[in-house]
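**Student:**
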Amino acid sequence: MSASGPFVVAVPSKGRLQENANAFFARAGLDVVQGRGARDYRGTLSGLAGVEIAFLSASEITSQLAAGTVHMGITGEDLVRETIPAADSKIVLLTPLGFGFANVVVAVPEAWIDVRNMADLEDVAAAYRARRGERMRVATKYVNLTRHYFAQNGVTDYRIVESLGATEGAPAAGQAELIVDITTTGATLKANALKVLDDGVMLRSEANLVASLQADWSDGHKATARAILSRIAAEEDARTSREVRALVPSDHAQLAAEAGTAFGARALFGTDGTGPLSLICATQQTAPLADWLIAKGAEHVSVGRLSYIFSARNTLYEQLIARVG
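Plus 18 on top of the position in the sequence shown (first one is 1) and you've got my numbering.
#1: In angstroms, rounded to a whole number, what distance separates the CA positions of Gly68 and Gln232?
#2: Check Phe25 in the structure and name its three-state DSSP category.
#3: Could you tell me the distance, in whole angstroms, from the CA atom of Val214 to the CA atom of Asp269?
#4: Pick out whichever of Ala41, Asn38, Gly33 and Phe73 has its Cα sitting closest to the Cα of Gln52.
#5: With 16 other CB atoms within 10 Å as the buried threshold, where does Thr202 fall?
#6: Could you name the residues of the same chain whose beta carbon sits closer than 6 angstroms to that of Ile79, not counting the 5 residues immediately before and after it, in chain order?
#7: Going by beta carbon distance, what residues of the same chain come within less than 6 angstroms of Gln303, once the five residues before and after it are set aside?
#8: Report yes or no: do the stretch 255-270 and the stretch 151-168 share at least 3 C-beta pairs separated by less than 8 angstroms?
#9: So what does Phe328 bridge to, in DSSP terms?
#10: Nearer than 7 angstroms: is that true of the beta carbon of Ala148 relative to any heavy atom of the ligand NAP?
#11: Of the choices Glu100, Pro24, Glu95 and Ser75, whose alpha-carbon is the least far from that of Leu63?
#12: DSSP on Gly197, reduced to helix/strand/coil?
#13: Determine the direct distance from the alpha carbon of Asn171 to that of Ala191, and round the result to whole angstroms.
#14: Residue range of the alpha helix (DSSP H) that Val161 falls in?
#15: Answer with buried or exposed for Phe168, where buried requires no fewer than 16 other C-beta atoms within 10 angstroms of its C-beta.
#16: Please check the pair Leu83 and Gln337, which I expect to be a contact at CB under 8 angstroms, by giving their CB distance rounded to whole angstroms.
#17: Report the three-state DSSP secondary structure of Pro30 (helix, strand or coil).
#18: Is Tyr160 buried or exposed, if buried means 16 or more other CB atoms sit within 10 Å of its CB?
#19: Just to confirm, are Pro189 and Leu212 a CB contact at a threshold of 8 angstroms?
#20: Which runs of the beta strand (DSSP E), 3 residues or longer, sit entirely within the stretch 93-177?
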């Protein structure tokens with residue numbers, strides 16, 4: 019990709035993931051515009067020139083991030099870890115997005131009442147091979163994750179059967195003894211008489227905003243990334259924070275410093291003692307901070323929601339630049 023080319027952001031091309039991805043950008047004031055409608059596989063990001071949206075399947079997003087043909091993409095961590103060798107050298111997970119939750123798990127038949135963890139599984143696998151002269155079969159689409167996790171836990175007497183269909187049905191069909199699969203509620207596993215091992219959660223995955231370290235990061239592309247990440251960070255900070263305002267009789271600067279230590283609060287304005295003191299704190303700290311301010315002499319404390327909190331320091335952008343230079 020040339021330095022004069024567009025800044026490309028890949029988003030899921032259909033279904034709930036696309037809806038959630040569009041909503042994520044919209045919250046940051048960046049509406050995804052799909053050109054000529056749902057059949058158009060290229061779009062734009064309103065309000066930002068030079069940005070091209072590529073609507074791709076989840077697997078295509080991860081492969082193009084690895085190849086550097088897109089700058090950023092929205093995809094699940096499970097696909098990143100499974101399909102990109104040495105993923106951390108090729109991509110950076112910028113921020114989890116709060117949707118697309120799923121766990122990659124090791125599940126065995128419920129009838130295996132004595133198998134509760136990976137150590138038990140290794141014992142069963144060794145006994146299975148001694149008795150039958152062959153390795154126990156594990157059905158999965160997550161070949162690389164399975165090999166890595168089993169090796170970490172000392173499980174060696176097994177062989178992988180790559181699953182092309184409904185993995186959870188493999189043990190009942192006689193195609194495998196156990197499975198490694200993705201699950202959200204566990205209901206499908208239970209319906210197939212399978213249970214997750216106590217230490218069998220290999221990866222807790224969700225959708226992430228991912229940047230490619232292989233893409234062209236010209237100064238122009240870095241500036242575009244900064245603009246996008248600034249808006250995303252501002253919305254995320256505002257959504258998880260509240261503004262707490264109060265008229266207090268004591269030294270505002272000192273009070274703000276104490277609030278920072280005790281509640282992780284940040285001063286927005288008012289530390290010079292003119293007008294009310296305005297603090298920003300995490301949502302769960304709102305009530306404790308308000309009680310504390312009243313104890314410090316405030317008659318009333320107001321709490322408000324914020325749309326965006328733009329800051330001179332952008333930790334998402336810093337995270338990216340630390341990797342791309």
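A virtual CB, placed ideally from N, CA and C, is assigned to each residue, including glycine.
**Tutor:** Concretely, from the data shown:
#1: The residue labelled residue 68 in the question sits at position 50 within the sequence shown. The residue labelled residue 232 in the question sits at position 214 within the sequence shown. Rounded to whole angstroms, Gly68 to Gln232 spans 19 angstroms at the Cα level.
#2: Residue 25 sits at position 7 when you count from the first residue of the sequence shown. Of the three classes helix, strand and coil, the one that applies to Phe25 here is strand, per DSSP.
#3: Sequence index remark: in the sequence shown, residue 214 carries index 196 (1-based). Sequence index remark: in the sequence shown, residue 269 carries index 251 (1-based). Straight-line spacing of the CA atoms in Val214 and Asp269 works out to 56 angstroms.
#4: Along the sequence shown, one-based indexing puts residue 52 at 34. Of Ala41, Asn38, Gly33 and Phe73, the residue nearest in Cα terms is Phe73.
#5: Counting from one through the sequence shown, the residue named residue 202 turns up at place 184. The C-beta of Thr202 has fewer than 16 other C-beta atoms within 10 Å across all chains shown, which makes the residue exposed.
#6: Taking the first residue of the sequence shown as 1, we reach residue 79 at position 61. Within the same chain, Ile79 has close Cβ partners Ala28, Gly91 and Thr93.
#7: Mapped onto the sequence shown, residue 303 falls at position 285. Correct list, in chain order: Phe281.
#8: no
#9: The residue you call residue 328 lines up with position 310 of the sequence shown. In DSSP, Phe328 forms no bridge with anything.
#10: As for the ligand NAP, it is missing from this structure, which has no ligand bound.
#11: Working through the sequence shown from its first residue, we reach residue 63 at position 45. When each option's Cα is compared against that of Leu63, the closest is Pro24.
#12: To locate residue 197, count along the sequence shown from 1; it is residue 179. Gly is not the amino acid found at residue 197; the sequence shown has Ile there. Secondary structure at Ile197: strand, using DSSP grouped into helix, strand and coil.
#13: In the sequence shown, residue 191 corresponds to position 173, counting from 1. In the sequence shown, residue 171 corresponds to position 153, counting from 1. C-alpha separation (whole angstroms): 27 angstroms.
#14: What you label residue 161 is simply residue 143 of the sequence shown in a count that begins at 1. That run of the alpha helix (DSSP H) goes Val161 to Gln170.
#15: Looking up residue 168 in the sequence shown gives position 150. Buried is the call here.
#16: By one-based count along the sequence shown, residue 83 stands at place 65. By one-based count along the sequence shown, residue 337 stands at place 319. Cβ atoms of Leu83 and Gln337 stay farther apart than 8 angstroms, at about 16 angstroms.
#17: As a position in the sequence shown, residue 30 is number 12, starting the count at 1. Of the three classes helix, strand and coil, the one that applies to Pro30 here is strand, per DSSP.
#18: Walking along the sequence shown from the start, residue 160 turns up at place 142. Looking at its Cβ environment, which holds 16 or more other Cβ atoms inside 10 Å, Tyr160 is buried.
#19: Numbered from its first residue, the sequence shown carries residue 189 at position 171. Numbered from its first residue, the sequence shown carries residue 212 at position 194. Taking 8 angstroms as the Cβ cut-off, Pro189 and Leu212 qualify as a contacting pair.
#20: Runs found: 109-114, 120-127 and 154-158.
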